[in-house]
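First the structure, in the form of structure tokens, and then the observations on it.
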Amino acid sequence: MSTATAPTHEQIALIGAGPSGLAGARNLQKHGVPFQGFEAHGDVGGLWDIDNPRSTVYHSAHLISSKRTTEFAEFPMADTVADYPSHRELRRYFSDFADRFGLRAHFRFHTRVLRVEPVSDAPGTRWRVSTEAADGTRETAEYKGVVIANGTLAEPKRPRFEGRFDGELLHTSDYKHAELFKDKRVLIVGAGNSGCDIAVDAVHYAKSVDISVRRGYYFVPKYVFGKPADTLGGKRPLPPWLKQKIDATVLKWFTGDPVRFGFPKPDYRMYESHPIVNSLVLHHVGHGDIGVRGDIARLAGHTVHFKDGSARDYDLILAATGYALHYPFIERELLNWQGMAPRLYLNIFSPRFENIAVLGMIEASGIGWQGRYEQAELVARYFRAKASGSPKAQALRAAVQGPPPDLSGGFKYLQLERMAYYVHKDTYRAAVRNAAAALADPT
Ligand SMILES: Cc1cc2nc3c(=O)[nH]c(=O)nc-3n(C[C@H](O)[C@H](O)[C@H](O)COP(=O)(O)OP(=O)(O)OC[C@H]3O[C@@H](n4cnc5c(N)ncnc54)[C@H](O)[C@@H]3O)c2cc1C
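For the sequence shown, the numbering used here gives the first residue as 378, with consecutive numbering after it.
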């Protein structure tokens, strides 16, 4: 269906042309739901386009999940593409995906969504969407609905430390290239996936590199028996206790015990937090290139005092402390924020409003872009069913009002901000696919 011909109040406004927004566009297009996309940057690809000012990838960034686990099923990457492609390759991939399905024509680029608000309190209300183009032109129009796909890894969470630091204090979102570390004494705070990647980068430039950690981690190698680690394992998911036991044993064989390398022992079981897919950091700790330090107590001049009583001087502290969910264009209560994240059915649908959905608000080990694509398929089928007056759309709404499904897969996730919207990949994808299957035929 052509977006050009439909008036805005018959269209869905789609925010963002990253992987989730592209999946949204592709599915809305495929299911004949009229929509208008908005992208603040000049092209598709989201954070995988390093030139996007909101991109949080750095020059050395590669996929953490392997390409076959991550790619869109209907658009596989070429066999010639590496198992863990770089951000450059991925930018090309999303550009090719947009070309293949003619998705760019559906977006207004250099157009930022400033505000999204319901026209009334009615559950089926239209939505007023205000935008700003690069030349400053502002527009407001009423849309039938809104799909939000503005990403989850752009708004830095900057830690507050006691005391004052006289060196540079940066966040991973400020980091692009390891030259930044040239001849400096560097402290990376946090050993998440970005923190470990960047510590490994820093080794080649910095005078010294330390990493400060508050808790223990499970370090998963990218390859096991010469194959991407996330492609191994049977098709049928194992019960949590068995998977934790088997995978923790495999880790002991391949990466050893991180405690031997100076990391604290994890006080939680494997998969109860996001695993760190990086064995190079242990390699470099083992070579004395990276020192492992405890939690920071306070800062004084160039000195960092750690809680274990030790102290060391640094020129640069880089906080690898993650990102916060950020939907600045919409009031929090409209997205049903509760605590650290919006509480949405399947992390997608608002309990209160029928015509608003969020894509990409999921964190999970190995969910990939196909996991986001399946979300988009469900949303597109829902809007199509709703437009045709199908009772199946009402059935979904009834489920949205009902008790939330358990998406944890039986794992007890740590109560951290980052884990507030964490799901178990297989459980989650099955739930989304089932909901989409129930909407398959709108008649
Ligand atoms: C270093 C790194 C490694 C990663 N590795 C993996 C991996 O291995 N596997 C994996 O699955 N995921 C990985 N990710 C996660 C990554 O977030 C997803 O792959 C993917 O980019 C999420 O897509 P998205 O479309 O939801 O968000 P984004 O890619 O962030 O795209 C959001 C888009 O919305 C636009 N936008 C934002 N606000 C507005 C607005 N107000 N108006 C208009 N447009 C707006 C932005 O410009 C952007 O283009 C990694 C992330 C990082 C940083």
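Where is the CB? At the ideal position from N, CA and C, for every residue including glycine. Values in this document were obtained by computation on a predicted structure and should not be read as measured data.
Proximity test, residue i beta-carbon vs ligand 1 heavy atom, cut-off 7 Å
i, result
"A511", "no"
"F478", "no"
"H581", "no"
"G569", "no"
"T415", "It is Phe, not Thr, that sits at residue 415 in the sequence shown. At least one heavy atom of ligand 1 is nearer than 7 Å to the Cβ of F415, so yes."
"T517", "no"
"H386", "no"
"V490", "yes"
"V434", "yes"
"L711", "no"
"H822", "Within the shown structure, residues of the chain are numbered from 378 to 820, placing residue 822 beyond reach of any answer."
"G593", "no"
"A576", "no"
CB contact flag (residue i, residue j, <8 Å)
i, j, result
"S507", "T514", "no"
"E740", "A813", "no"
"G668", "D560", "no"
"Q388", "F412", "yes"
"T433", "A568", "no"
"A394", "F474", "no"
"Y704", "I525", "yes"
"R670", "S589", "yes"
"V580", "H651", "no"
Euclidean distance between Cα positions of residue i and residue j
i, j, result
"T380", "G479", "Any reading at T380 is ruled out, since the residue's pLDDT is 47, under 50, leaving its predicted position unreliable."
"R774", "E731", "7 Å"
"P617", "S785", "10 Å"
"P536", "T549", "12 Å"
"Y805", "R613", "15 Å"
"K584", "F596", "25 Å"
"L609", "G603", "10 Å"
"D692", "K407", "53 Å"
"H464", "E494", "34 Å"
"G748", "G663", "36 Å"
"M378", "V410", "Because the pLDDT of M378 is 45, which lies under 50, any placement of that residue in the model is unreliable, and the number read from its coordinates should be weighed accordingly. Roughly 7 Å separates the two Cα atoms."
"S742", "P384", "40 Å"
"A770", "D672", "50 Å"
"R761", "I725", "16 Å"
is_contact[residue i, chain D] using C-beta, thresh 8 Å
i, result
"D783", "Absent from the structure is chain D; it holds one protein chain and no more."
Task: Segment contact, 8 Å Cβ cut-off, at least three pairs: the segment 490 to 505 with the segment 454 to 468 - done: A contact is defined here as three or more CB-CB pairs under 8 Å, and the segment 490 to 505 fails this definition with respect to the segment 454 to 468.
Open item on the list: Using 8 Å as the cut-off, can you tell me whether the segment 458 to 468 makes contact with the segment 428 to 445, which would need three or more C-beta pairs spanning the two stretches below that distance?
Closed with: yes
Open item on the list: For the pair the segment 624 to 639 and the segment 755 to 767, tell me if three or more CB-CB distances fall below 8 Å.
Closed with: no
- [ ] Flag this pair as touching only if the segment 790 to 799 and the segment 715 to 726 have three or more C-beta atom pairs under 8 Å; answer yes or no.
- [x] yes
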